[in-house]
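Asks: In the UniProt record's numbering, the protein residues as written are 1 to 94.
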């Protein structure tokens, strides 16, 4: 069953986050991830408003988790950790 990778992000360092994005895209693609939303218009109804929201679909929860734990994604993530405040969740689709 497919899964959604949902990230809510507040970027604090555009340059470093740009390095993350450049590396994260290929890592996500390599694990079967397809971006459905990357930034863009949003309406915050509850919780913290983080202006960058990203949604990717993966073939499964396991594929999304494998992507997150992969050396390629972890390398990308090393650029985002000090460049953003993020929440990330993987949710299995119905």
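Glycine included, each C-beta is placed from N, C-alpha and C at the ideal position.
Rounded C-beta distance between residue 85 and residue 10? I'm assuming under 8 Å.
Replies: Here residue 85 is taken as the residue at index 85 of the chain shown, counted from 1. Here residue 10 is taken as the residue at index 10 of the chain shown, counted from 1. About 5 Å; that satisfies the 8 Å criterion.
Asks: Of the residues 65, 57, 87, 76, which one's Cα is nearest the Cα of residue 3?
Replies: Walking along the chain shown from the start, residue 3 turns up at place 3. Answer by Cα proximity: 57.
Asks: If the criterion is Cβ atoms closer than 8 Å, does the pair residue 52 and residue 33 meet it?
Replies: Position 52 of the chain shown, counted from the first residue, corresponds to residue 52. Position 33 of the chain shown, counted from the first residue, corresponds to residue 33. Cβ atoms of residue 52 and residue 33: not closer than 8 Å.
Asks: Between residue 74 and residue 45, what straight-line distance do the alpha-carbon atoms span, to the nearest angstrom?
Replies: The residue you call residue 74 lines up with position 74 of the chain shown. The residue you call residue 45 lines up with position 45 of the chain shown. Each residue's alpha carbon lies about 31 Å from the other.
Asks: Any idea which residues DSSP pairs residue 90 with across the strands?
Replies: Residue mapping note: residue 90 aligns to position 90 of the chain shown, counting from 1. For residue 90, which the question treats as bridged, DSSP gives the partners 5.
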